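Novice: Handing you a structure now.
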Amino acid sequence: LGHIGYRVYNEFRGHGYAAHAVHLLLPLMREHGLRSVVITTNPENAASRATCRNLGCVLENIVPVPQAYRELCMGAAHKCRYILYPFAQGEADRQTKRAQRAAEKANYAAAISAYEEVLRTLPSDTTIRRDLAMAHMEVGNAASARTEVISVLRLDPEDPWAYLLLGNIALRFGDDRTRALSYFQRAYRLAPDDLYILNSYGALCGKEGDLAEAEALFERALAIDPAYPNALHGLALTYHRQEQFKDAEAQ
C-alpha cells in the first residue's frame, strides 16, 4: 500500500486532476520533512501510471501483493511501487514556473533551458516534455520538437496531446496534411472531447474539403463550450465554404 491514493470519476478523467491534487499536497509533505512518499497502482492502470510519471515519480519496482492483503487491494496480485521525492519536486516546480513565465514573454531560449533543467530532475514528466516541444516549435526547431514528442509517446503511447503536437509539427514544418490528419484522428480517438483537438482536427478537415466532418467537429466543440472562439470561427468559416452565408453570419 502507498501513502497517497486518488480516484477521479470517469467524466472528469484526462485533465490531470489527480496529479494536480498530489501537487497541492507537496508543501504539506515538505513541512513534515517527508523525503520520499510511496504511490502504488496496478500495472495495467495506464492512466494512473501516467499520473505518477507526470508527478516525477520513480518506478522502484513491481511487487507481488501478499495473499493476506489482496482483498484490501481489490484483488490485485501485483502493484507498481512509485517513489515521489517532495523536495526535488519543489525545485522542479519553481523551475517550471520560470520556464512558463519565459514562454509567456516569448523568451523561448530561456524557456527551453529551464524546461531541460526540470527534465534532469523529472525525466518522465510528459507535460514538461510537451511544453518543451512547443517551445522548440516556436523557435523553428522541428527536429528537437519531434524528438521530445516521440519521448512522450515512449513514456505514454496513449497521450492524445502528443499526437496533436505531431500533427501541428507536420503542418507547420512541411505542410504534410496527410500525416497531420492521421495524427489528429489518433488524438481524437483518444480524447474526443478535447477542445484543442476538436478545433485542430476540424480546421484541417475544412481545408481538405471534408466540410461535413469539419462542421460536426466544431459543433461537438461548441456543445462542450458554446463560447469557444476558435470553434465559433471555424464553424462560421465552414458555413461560408458551403455558401450558407446566413448561418456563417450567425456565428
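Counting from 727, one number per residue, gives the positions in the sequence shown under our numbering.
Glycine included, C-beta positions come from ideal geometry on N, C-alpha and C.
Nothing here was measured: the structure is a model prediction, and the numbers come from that model.
(1) I'd like to check one pair, Val878 with Arg912: are the Cβ atoms closer than 8 Å?
(2) Are the CB atoms of Asp882 and Arg807 within a distance shorter than 8 Å?
(3) Return yes when the C-beta of Gly928 is under 7 Å from any heavy atom of the ligand MG, and no when it is not.
(4) Are at least three pairs of beta-carbons, each pair with one atom in the segment 821-829 and one in the segment 840-856, less than 8 Å apart?
(5) Near Ala859, what residues of its chain come up, given a Cβ to Cβ distance below 7 Å and the 5 sequence neighbours on each side ignored?
(6) How would you call Asn787, buried or exposed, if buried means at least 16 neighbouring beta carbons within 10 angstroms?
(7) Along the chain, where does the beta strand (DSSP E) that runs through Ile809 open and close?
(8) In chain order, what residues of the same chain have a beta carbon less than 8 Å from the beta carbon of Phe813, not counting five sequence neighbours either side?
(9) Give the list of continuous alpha helix (DSSP H) stretches no shorter than 4 residues that lie fully inside the segment 734-794.
(10) Measuring alpha carbon to alpha carbon, tell me which residue in Arg915, Leu916, Val763 is nearest Leu781.
(11) Using only alpha-carbon positions, find the residue among Glu737, Glu939, Ile895 that is nearest to Met863.
(12) Where Pro918 and Leu924 are concerned, what is the direct C-alpha to C-alpha distance, given to the nearest angstrom?
(13) Take Cys799 and list the residues in its own chain whose beta-carbon comes closer than 6 Å to its own, dropping the five residues that flank it on each side.
(14) Starting from Ser877, trace the alpha helix (DSSP H) in both directions and tell me its first and last residue.
(15) Taking CB distances under 8 Å as the criterion, tell me whether Val865 reaches chain C.
(16) Output needed for Ala828: all residues of its chain with C-beta closer than 7 Å, excluding positions within five of it in sequence on either side, in chain order.
(17) Does the Cβ-Cβ distance between Arg903 and Gly932 come in under 8 Å?
(18) Among Tyr834, Phe738, Glu797, Ala869, which has the Cα closest to the Cα of Phe899?
(19) Can you give me the C-alpha to C-alpha distance between Arg946 and Tyr922, rounded to a whole angstrom?
(20) Count the other CB atoms within 10 Å of the CB of Phe910; is the residue buried (16 or more) or exposed (fewer)?
(21) Skipping 5 residues on each side, what residues in its chain have a beta carbon closer than 6 Å to that of Val784?
(22) Classify Val789: buried if its beta carbon has 16 or more other beta carbons within 10 angstroms, exposed otherwise.
(23) With a floor of 4 residues, list each alpha helix (DSSP H) that falls wholly inside the segment 903-966, ordered by position along the chain.
Specialist: Checking against the coordinates, here is how it stands:
(1) Here residue 912 refers to the residue found at position 186 of the sequence shown. Here residue 878 refers to the residue found at position 152 of the sequence shown. No, Cβ-Cβ distance for Arg912 and Val878 is not below 8 Å.
(2) Here residue 807 corresponds to residue number 81 of the sequence shown, with the count starting at 1. Here residue 882 corresponds to residue number 156 of the sequence shown, with the count starting at 1. Against a cut-off of 8 Å, the Cβ pair of Asp882 and Arg807 comes out as no contact.
(3) You won't find the ligand MG in this model; it holds no ligand whatsoever.
(4) Result yes; three or more Cβ-Cβ pairs closer than 8 Å.
(5) Position 133 of the sequence shown, counted from the first residue, corresponds to residue 859. Excluding positions up to five away in sequence, the list reads Ala871, Glu874, Val875, Leu891.
(6) As a working mapping, residue 787 is identified with position 61 in the sequence shown. A residue is called buried once 16 or more other Cβ atoms fall within 10 Å of its Cβ, and Asn787, having fewer, is exposed.
(7) By 1-based counting over the sequence shown, the position of residue 809 is 83. Counting along the chain, Ile809 sits inside the beta strand (DSSP E) bounded by residues 804-810.
(8) Numbered from 1 along the sequence shown, position 87 holds the residue referred to as residue 813. Taken in chain order, the residues that qualify are Arg756, Arg761.
(9) Listed in chain order, they are 743-757, 772-780.
(10) As a working mapping, residue 781 is identified with position 55 in the sequence shown. Of the listed residues, the one whose Cα sits closest to Leu781 is Val763.
(11) In the sequence shown, residue 863 corresponds to position 137, counting from 1. Nearest C-alpha to Met863: Ile895.
(12) To locate residue 918, count along the sequence shown from 1; it is residue 192. To locate residue 924, count along the sequence shown from 1; it is residue 198. Pro918 and Leu924: Cα-Cα distance of roughly 7 Å.
(13) If you number the sequence shown from 1, residue 799 lands on position 73. Val791.
(14) By 1-based counting over the sequence shown, the position of residue 877 is 151. Ser877 -> alpha helix (DSSP H) spans 868-881.
(15) Judged by its chain identifiers, the structure shown contains no chain C, having just a single protein chain.
(16) Here residue 828 corresponds to residue number 102 of the sequence shown, with the count starting at 1. Ala836, Ala837, Ala840, listed in sequence order.
(17) For the purposes of this step, residue 903 is taken as the residue at position 177 of the sequence shown. For the purposes of this step, residue 932 is taken as the residue at position 206 of the sequence shown. Going by C-beta atoms, Arg903 is not nearer than 8 Å to Gly932.
(18) Here the question's residue 899 lines up with position 173 in the sequence shown. The shortest C-alpha separation from Phe899 is found at Ala869.
(19) Counting from one through the sequence shown, the residue named residue 946 turns up at place 220. Counting from one through the sequence shown, the residue named residue 922 turns up at place 196. The straight-line gap from Cα to Cα measures roughly 12 Å.
(20) Position 184 of the sequence shown, counted from the first residue, corresponds to residue 910. When all chains shown are included, Phe910 counts as buried.
(21) Counting from one through the sequence shown, the residue named residue 784 turns up at place 58. Sequence-distant Cβ neighbours of Val784 in its own chain, meaning closer than 6 Å and more than five residues away, are Ile809.
(22) One-based indexing of the sequence shown puts residue 789 at position 63. Under this definition Val789 is an exposed residue.
(23) You should have 903-916, 921-933, 937-950.
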